[in-house]
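One structure is given below, encoded as structure tokens.
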Ligand code: BMA
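Numbering (the working numbering), first residue to last: 6 to 315.
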């Protein structure tokens, strides 16, 4: 029955990347950012090395299905004295957003004090520079909007509030990508499939009806945590205004490679590529071990949000 409710269809040759495809020794490859650059598809892979520390490696494709992985890592935890302490245990879960000619990568910097959000930028996927550590610690799962709104950059993130509410999705604004403020809580866990925590999964994609944002909901069960996916539709001019969302999950671990791995029962997309023909490709980490691809019609994602408006 769930098959009919999910707008996503898995690629028949999933998983599209496993550690066998990485040209150097590693533990796993998962949670990849994605975009199109000069007519090619790019994945920015989270590769976990054999010490348990993650770095980011590029992979390229002409068709979005078959990827060739670069021979060596692209972004490693920084040795710069300012960044080193905040990235020494890894850089994880990159989300790519194009703003004008720049491609920004929002990633989780895992350091001595816990996770915080880092932002790096590139124009050519050869050179990159770090822009900022944009949040304090206990914050991750960030993605930038592809355009400024009311002259400010906009970012969604996920502070792990220790107060009354569990880890929730927030929205923030910045004039320069370095200094962030006007933080506002957007979506908090509710009883059900996202009762433990919610966080943004993929950067906002613009549609006529609003911004489509995929998010993950986590539920603690007797058998461990379950990571599933829902969608939000946000107002184009005022993204704090939620136009609709899916109270039910629209993508969930079902296949063997999603059910079994280093962390079982996890689907964790970080990249959503919108095609001209209205199809979106969702690249997701499966069980923190490999990468899968599923496709949907963008208009179906909008419809799921609007028809199930709470
Ligand atoms: C989240 C993140 C993801 C990971 C997921 C499941 O908290 O750390 O990188 O895929 O847990 O382990």
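C-beta: ideal position from N, C-alpha, C; glycine also. Predicted model only: the values in this text are computed from it and were never measured.
Quiz prompt | residue 77 versus residue 88: straight-line alpha-carbon distance, rounded | solution = 21 Å
Exercise. Kindly provide the ranges of any beta strand (DSSP E) runs that are 3 or more residues long and lie completely inside the region 238 to 300, ordered along the chain.
Key: 247 to 250, 272 to 279, 284 to 291
Quiz item: Can you pull every residue whose C-beta falls closer than 6 Å to some heavy atom of ligand 1, listed in chain order?
Solution: 36, 97, 98, 232, 268, 271, 273, 290, 293
Quiz item: Since residue 126 sits in a beta bridge, which residues does DSSP pair it with?
Solution: 109, 134
Quiz item: Where DSSP assigns a beta bridge to residue 160, which residues make up the other side?
Solution: 149, 177
Quiz prompt | Whole-angstrom distance between residue 282 and residue 33, CA atom to CA atom | solution = 33 Å
Quiz item: Of the residues 72, 167, 243, which one's Cα is nearest the Cα of residue 62?
Solution: 72
Self-check item: Burial state of residue 196 (16 or more Cβ within 10 Å)
Solution: exposed
Quiz item: For residue 312, does the three-state DSSP call read helix, strand or coil?
Solution: helix
Practice problem: Please determine, among 174, 164, 160, the residue with the shortest C-alpha to C-alpha distance to residue 181. | Solution: 160
Quiz prompt | Inter-residue Cα distance where the pair is residue 298 and residue 137 | solution = 30 Å
Quiz item: Rounded to the nearest angstrom, how far is the Cβ of residue 285 from that of residue 300, given a contact under 8 Å?
Solution: 7 Å
Quiz item: Taking the alpha-carbon positions, what's the residue 234 to residue 24 distance?
Solution: 24 Å
Practice problem: Give me the Cα-Cα distance between residue 164 and residue 41, rounded to the nearest whole angstrom. | Solution: 29 Å
Quiz item: Between the region 137 to 150 and the region 107 to 125, do at least 3 Cβ pairs fall closer than 8 Å?
Solution: yes
Quiz item: Going by C-alpha distance, which of 28, 183, 204 is nearest residue 192?
Solution: 204
Quiz item: Taking Cβ positions, are residue 222 and residue 239 nearer each other than 7 Å?
Solution: no
Quiz prompt | Distance between residue 155 and residue 56 (C-alpha atoms, nearest Å) | solution = 44 Å
Quiz item: Alpha carbon to alpha carbon, what distance is there between residue 28 and residue 8?
Solution: Its pLDDT being 48, under 50, residue 8 is placed unreliably by the model, and nothing is read from it.
Practice problem: Check whether the Cβ of residue 307 lies closer than 7 Å to any Cβ atom in chain D. | Solution: Annotation note: the requested chain D is absent from the structure, which comprises a single protein chain.
Exercise. Look at the alpha carbon of residue 303 and the alpha carbon of residue 279, and state the distance between them as a whole number of angstroms.
Key: 8 Å
Quiz item: How big is the Cα-Cα spacing for residue 48 and residue 64?
Solution: 5 Å
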